[in-house]
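To get the numbering used here, take the position in the sequence shown, counting from 1, and add 467. We put the beta carbon where it would ideally sit given N, CA and C, even for glycine.
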Amino acid sequence: MRILVTGGAGFIGSHLTDSLVKAGHQVLVVDDLSFGKKEYIHPQAELIQLDIREKSLEKVFFDFAPEVVYHLAAQKNVRASIENPRLDAEINILGALNVLQSAIKAGAKKFIFASSCGIYGEASSFPIDESAEEKPLSPYILNKLVFERYLQIVAEGKINWAALRMANIYGPRQDPYGEAGVISIFLNNALSSKPIYIFGDGQQTRDFVYVEDAVNAFVSLLKTGQGIYNVGTGREVSLLELVEKIKLIADQDIKIEHTPAIAGEVRRSALDCGRLQAASYWQPRFDLEKGLGFTYQWFKENR
Ligand SMILES: NC(=O)c1ccc[n+]([C@@H]2O[C@H](COP(=O)([O-])OP(=O)(O)OC[C@H]3O[C@@H](n4cnc5c(N)ncnc54)[C@H](O)[C@@H]3O)[C@@H](O)[C@H]2O)c1
């Protein structure tokens with residue numbers, strides 16, 4: 468199939484591109500390389516370096532005529548979205564609409580969007596399923612929800628679509644210098660013999676998903692599924708538990724320093740993925756110990 472991946476030079480998008488190329492698909496990556504890296508793109512995939520907000524995006528779609536579009540390009544910094552909500556909306560709403568409308572006009576059959584479980588905010592029961600209340604706490608997350616709504620309204624009847632509400636994805640190639648990606652930040656500190664800084668008491672929990680499992684979720688929806696799907700493991704892990712696992716893998720004693728808790732940070736997270744499992748038979752295959760091991764090894768060799 469001809470498949471276009473926006474954000475295909477980034478962390479998740481580059482792994483997705485690898486998987487699609489290996490399965491024999493023809494892949495075109497659209498990425499402005501603002502965060503992604505050219506060297507992460509599979510040599511058999513083509514790159515068009517372009518901002519998704521550009522008018523010329525439409526021509527790229529007409530020339531390539533993708534059958535499927537994966538939309539992962541995004542401004543993904545929560546703090547930046549609070550400081551500059553307009554820029555976030557320009558990329559994550561207007562840019563995303565430019566991708567969606569170009570896909571529809573060029574005759575693509577399927578549109579798959581990288582959404583976020585941040586949409587649930589502070590949930591009241593766990594694991595969280597897709598019917599839970601939506602409580603976005605930042606412009607970045609609000610715009611994920613708004614674009615899901617656009618999909619429901621604009622895409623309906625014109626293109627088959629799916630939105631994956633992903634939990635915390637981790638693995639090789641994740642940026643350890645960003646604000647998110649707690650595992651890559653912790654591993655990087657451990658390998659540099661620096662303390663690990665934890666906001667608050669460290670009892671906050673997250674649902675950590677290895678990147679290959681996230682990629683398999685995207686791929687599992689190539690030919691099936693329509694609507695909104697959670698991507699997680701259902702397992703809640705506290706940051707203190709995570710550090711204990713990292714200590715074991717790194718085989719060293721790591722100093723933990725607690726800094727003040729961040730106002731508005733979600734306390735607990737774990738996703739119910741029954742809907743995706745029913746639609747595509749997807750299952751997470753990497754437990755945290757295994758995924759952490761691979762990620763630690765990659766950071767050791769590639770830092
Ligand atoms: N990493 C996670 O845990 C996680 C969780 C939930 C959702 N997501 C979503 O998944 C997607 C991919 O996340 P990631 O962690 O791989 O991020 P990433 O920053 O590594 O990848 C994003 C890519 O988009 C590109 N990009 C940014 N703005 C662009 C623009 N205006 N035009 C063209 N390209 C642009 C960047 O250069 C980068 O290569 C994002 O939409 C993100 O919001 C990620």
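>> Checking the sheet assignment: what are the DSSP bridge partners for residue 578?
In response: 536 and 628
> Start and end of the alpha helix (DSSP H) containing residue 713?
Replying inline: 706-717
> How close, in whole Å, do the beta carbons of residue 592 and residue 608 come, if the pair is a contact with beta carbons under 8 Å?
Replying inline: No, residue 592 and residue 608 are not in contact; Cβ-Cβ is about 19 Å, not under 8 Å.
> Using the C-alpha atoms, what's the distance from residue 601 back to residue 614?
Replying inline: 13 Å
> Can you check whether the CB of residue 631 is closer than 9 Å to the CB of residue 565?
Replying inline: no
> Would DSSP call residue 439 helix, strand or coil?
Replying inline: Given a span of 468 to 770 for the chain in the structure shown, any question on residue 439 remains unanswerable.
>> I'd like the span of the alpha helix (DSSP H) that includes residue 748, first residue to last.
In response: Run containing residue 748: none; DSSP gives neither H nor E here.
> Which value, in whole angstroms, describes the spacing of the CA atoms of residue 554 and residue 472?
Replying inline: 22 Å
>> Just to confirm my understanding: we take residue 735, look at its own chain, exclude 5 residues before and 5 after, and list those with CB closer than 6 Å. What are they?
In response: 672
> Beta carbon of residue 730: closer than 8 Å to some heavy atom of ligand 1?
Replying inline: no
> For residue 496 versus residue 689, is the C-beta distance shorter than 9 Å?
Replying inline: no
>> Would you say the beta carbon of residue 522 is closer than 8 Å to some non-hydrogen atom of ligand 3?
In response: Ligand 3 is not part of the structure shown, which contains ligand 1 as its ligands.
>> Is it the case that the region 561-577 contacts the region 525-545, given that we only count it when at least three CB pairs across the two stretches are under 8 Å?
In response: yes
> Who are the near neighbours of residue 751 in its chain, counting only those whose CB is closer than 7 Å to its CB and skipping five residues on each side?
Replying inline: 676, 680 and 700
> What distance in whole Å lies between the Cβ atoms of residue 558 and residue 520, which are believed to be in contact at a cut-off of 8 Å?
Replying inline: 7 Å
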